[in-house]
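Those letters in the sequence shown? Residues 17 to 179, by our numbering. See below for the structure under consideration.
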Amino acid sequence: MIAVVKEDCPTCRLVEPVLQQLGSTKPGIVVYTQDDPIFPCDVPQVIDDRTLKISFDLEIETVPTLIRHKSGQEVERVVGWNRTDWQRVTAIADLGEELPAHQPGCGSRSIEPGAVHKLRARFGDPGIRARRIQVNQFEDEIETCFDRGWSDGLPVVPPTPER
């Protein structure tokens, strides 16, 4: 089982005791945290995902997200906090009884404005191909573009992996 959370989300802070309970009763649960590497505390397997690679790979849009795997394949996903769904996925009948029945989650850091393009360039297939041009460290990149005839007279902005 996998949970993806961030400390900057009220719903994730709400489910912290649930994650602690899962950590003590389900030894295989892994919690990925998007912003604070020590959140949630007192959970055995918390992995720092500040690079957002795991969140990107798992296509996390909302936190908290709870994912159940079987034979290495995702079989079920719960987004936000819904006591009935979390109880069903974890097979723990009294999980989160002290919490409200439902509370929506927060937006994942992996879908914040500008993050998707950066993450796709860094971890995914950007869908375009280009060759990398090396420019001497003492040359101006924009002047180099003009010198090589890559402009129609208008200013040129050299591409970066994110663009």
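Ideal Cβ positions, reconstructed from N, Cα and C, are used throughout, including at glycine. Only a predicted model underlies this, so the values are computations on that prediction, with no experimental measurement involved.
Exercise. Roughly how many angstroms lie between the CA atoms of Asn98 and Gly44, to the nearest whole one?
Worked result: Straight-line measurement puts the Cα of Gly44 at about 21 Å from the Cα of Asn98.
Exercise. Per DSSP, which one or two residues make a beta bridge with Gln89?
Worked result: According to DSSP, which records beta bridges pairwise, Gln89 is partnered with Lys86.
Exercise. Between Val46 and the rest of its own chain, which residues show a CB-CB distance below 7 Å, the 5 nearest in sequence each way excluded?
Worked result: Answer for Val46: Ile18, Gln61 and Ile63, listed in chain order.
Problem set entry | Those runs of the alpha helix (DSSP H) which lie wholly inside the stretch 120 to 159 and span at least 4 residues | Listed in chain order, the alpha helix (DSSP H) elements of length 4 or more contained wholly in the stretch 120 to 159 are 131 to 139.
Problem set entry | From Cys57, Gly123, Val172 and Thr49, residue whose alpha carbon lies closest to that of Leu68 | Checking every option, the nearest Cα to that of Leu68 belongs to Thr49.
Exercise. To which residues of the same chain is Asp101 closer than 7 Å at the C-beta, ignoring the five residues directly before and after it?
Worked result: Exclusion of the five residues before and after Asp101 leaves Val94 as the residues of its chain whose Cβ lies within less than 7 Å of its Cβ.
Problem set entry | Supposed contact pair Leu38 and Thr106 - C-beta distance, whole angstroms, cut 8 Å | Indeed they touch by this definition, with Cβ atoms about 6 Å apart.
Exercise. Which of helix, strand or coil does DSSP assign to Trp102?
Worked result: Here DSSP, grouped into helix, strand and coil, assigns Trp102 to helix.
Exercise. Just curious, the beta strand (DSSP E) that Asp73 is in, first and last residue?
Worked result: In the DSSP assignment, Asp73 falls outside any beta strand (DSSP E) and within the unbroken alpha helix (DSSP H) covering Lys69 to Asp73.
For this session: Evaluate Leu170 with the Cβ neighbour count: other Cβ atoms within 10 Å of its Cβ, from every protein chain shown; 16 or more gives buried, anything less gives exposed.
Result: So Leu170 ends up on the exposed side.
Exercise. Nearest to Glu23 by CA position, among Ile54, Arg136 and Ile83, is which residue?
Worked result: Out of Ile54, Arg136 and Ile83, Ile54 has the C-alpha closest to the C-alpha of Glu23.
For this session: Please say whether Gly121 and Gly88 have beta carbons closer to each other than 7 Å?
Result: For Gly88 and Gly121, no; Cβs fall outside 7 Å.
Exercise. For Thr176, which three-state DSSP category applies?
Worked result: In the structure shown, Thr176 sits in coil (DSSP, three-state: anything other than H, G, I, E or B).
Exercise. If you drop the 5 nearest sequence neighbours on each side, which residues of the same chain put their C-beta closer than 7 Å to that of Leu135?
Worked result: Around Leu135: Leu68, Phe72 and Ser126.
Exercise. Thr81 and Val20: beta carbons closer than 7 Å?
Worked result: Going by C-beta atoms, Thr81 is nearer than 7 Å to Val20.
Problem set entry | C-beta atoms of Glu75 and Arg84 nearer than 7 Å | The answer is no: Cβ separation not under 7 Å.
Problem set entry | Spatial neighbours of Val151 in its chain, beta-carbon cut-off 7 Å, leaving aside the 5 residues before and after | Sequence-distant partners of Val151 (beyond 5 residues in either direction) whose C-beta falls short of 7 Å from its own C-beta, in its chain, are Glu157 and Thr160.
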